[in-house]
Structures are given as C-alpha cells and as structure tokens.
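Number 369 marks the last residue of the sequence shown (this note's numbering); no jumps.
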Amino acid sequence: DKKAVTALEVTDDCYVINSFSKYFSMTGWRVGWMVVPENQVRVVERIAQNMFICAPHASQIAALASMDCDDELQANLAVYRRNRDLMIDGLKEAGFIDIAPPDGAFYVYADVSRFTDDSRAFAAEILEKAGVAVTPGLDFDPARGHKTLRFSYARSTADMEEGIARLKAFMAAR
Numbered sequence: 196d197k198k199a200v201t202a203l204e205v206t207d208d209c210y211v212i213n214s215f216s217k218y219f220s221m222t223g224w225r226v227g228w229m230v231v232p233e234n235q236v237r238v239v240e241r242i243a244q245n246m247f248i249c250a251p252h253a254s255q256i257a258a259l260a261s262m263d264c265d266d267e268l269q270a271n272l273a274v275y276r277r278n279r280d281l282m283i284d285g286l287k288e289a290g291f292i293d294i295a296p297p298d299g300a301f302y303v304y305a306d307v308s309r310f311t312d313d314s315r316a317f318a319a320e321i322l323e324k325a326g327v328a329v330t331p332g333l334d335f336d337p338a339r340g341h342k343t344l345r346f347s348y349a350r351s352t353a354d355m356e357e358g359i360a361r362l363k364a365f366m367a368a369r
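Structural data, given as structure tokens:
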C-alpha cells in the first residue's frame with residue numbers, strides 16, 4: 196500500500212536482483228533486472244556477459260510491454276491486497292495471533308511457538324493433514340526460524356479462501 200522506492204534511495208551500497216515473475220505474472224519467462232550502485236554497473240555487466248548472453252528476445256519484448264499495462268498491474272495489486280487481508284484475518288481466526296504483516300512482499304510470517312518448536316515438522320503436518328503448503332521459517336532464519344511459518348498469498352482469491360478454510364479446520368481439530 197506504500198509508494199515504492201528504489202533501494203538506492205536508501206543506500207548506495209546495495210544490490211537488488213528481481214524478476215518479472217510475480218508482480219507482472221510472468222513466471223517461467225526468465226527475465227528480470229538488477230539494481231546496483233552506479234560504480235558497479237560495468238563490473239556486473241562483464242560478469243553477466245560471461246554467464247549468459249541475454250534473455251530470449253520474446254521475453255524481453257513481453258517484459259517491456261508489461262511495464263505499460265498499468266490497469267492490469269493495478270488490478271493485480273487489488274487482488275494481492277484482498278488476498279493479504281484474507282490471509283491476515285484467516286490466520287488470526289485460525290489461532291495465529293503473532294503475525295508479521297507484509298511490507299512489500301507476498302508473504303505473511305507467523306510465530307508458531309505456541310503450537311510447536313519445530314516449524315519444519317509443523318509445515319509437514321499442515322501439508323499432510325490439511326493439504327496446504329506453507330514454508331518453515333528455518334528456510335529464511337536459521338536462528339529463529341524454528342518458531343515461524345511463512346504463508347504466501349500469491350494465488351487466486353478462490354485458492355486463498357480454500358486454503359484458509361482448510362487451515363482453520365486443521366487448527367480447530369489439532
């Protein structure tokens with residue numbers, strides 16, 4: 196919901212590697228971009244030239260065109276906003292009370308220490324019993340991740356509603 200800023204507005208000592216996959220709904224197109232300090236552009240170009248030539252021409256054209264599709268992008272944002280709100284409300288209703296609201300991503304982190312001290316086993320249990328895939332926090336934070344799960348809301352709203360309903364039923368039966 197906040198205005199996007201470039202990382203280089205915050206510091207000139209950062210590298211951002213991104214893709215068109217989620218925001219532009221272009222998964223599989225294998226096209227993206229980098230934000231690097233000005234004095235590192237040529238270095239990064241030389242490294243890239245030795246790793247690959249370029250993304251396929253059709254992917255480049257599609258990526259450029261996607262940047263001019265403001266109405267569609269705003270519609271995507273509206274879906275993500277709705278899904279985020281559904282996810283946060285649904286997680287709270289399911290008993291996940293300590294939630295880190297997202298700030299620029301498609302994920303919600305929830306503290307699960309009330310339920311387990313093993314987020315990996317808990318994620319496996321949710322997948323097995325509820326059919327909902329979540330990611331253990333250990334994949335992102337080796338020190339504290341054992342007590343967190345990451346929930347993605349980058350699916351259709353219908354999928355989100357179904358997943359949340361299954362998660363609530365799983366937690367109620369647990």
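From the three backbone atoms N, C-alpha and C, an ideal C-beta is built for every residue, glycine too.
Determine whether the beta carbon atoms of residue i and residue j lie at a separation below 8 Å.
i, j, result
"Gly227", "Ile212", "yes"
"Phe219", "Ser261", "yes"
"Arg279", "Pro297", "yes"
"Phe301", "Ala258", "no"
"Gly326", "Arg369", "no"
"Gly290", "Ser314", "no"
"Pro232", "Asp208", "yes"
"Thr343", "Asp306", "yes"
"Ile283", "Val303", "yes"
For the alpha helix (DSSP H) containing residue i, name the first residue and the last one.
i, result
"Thr352", "352–368"
"Met262", "That residue, Met262, is in no alpha helix (DSSP H); it is neither H nor E in DSSP."
DSSP beta-bridge partners for residue i?
i, result
"Ser241", "Before going further, note that residue 241 is Arg rather than Ser in the sequence given. None, per the DSSP bridge assignment."
"Thr343", "Asp306"
"Ala295", "Tyr304"
"Met221", "Its beta-bridge partners do not exist; DSSP assigns none."
"Gly227", "Ser214"
"Pro331", "Leu344"
Using three-state DSSP, classify residue i as helix, strand or coil.
i, result
"Gly326", "coil"
"Ile283", "helix"
"Ser214", "strand"
"Ala270", "helix"
"Ala318", "helix"
"Ala199", "coil"
"Val205", "coil"
"Ile256", "helix"
"Ala250", "coil"
"Ala289", "helix"
Going by C-alpha distance, which of the options is nearest residue i?
i, options, result
"Asn234", "Leu203, Ser214, Gln255, Ile256", "Leu203"
"Met221", "Ala243, Ala253, Tyr210, Met246", "Ala253"
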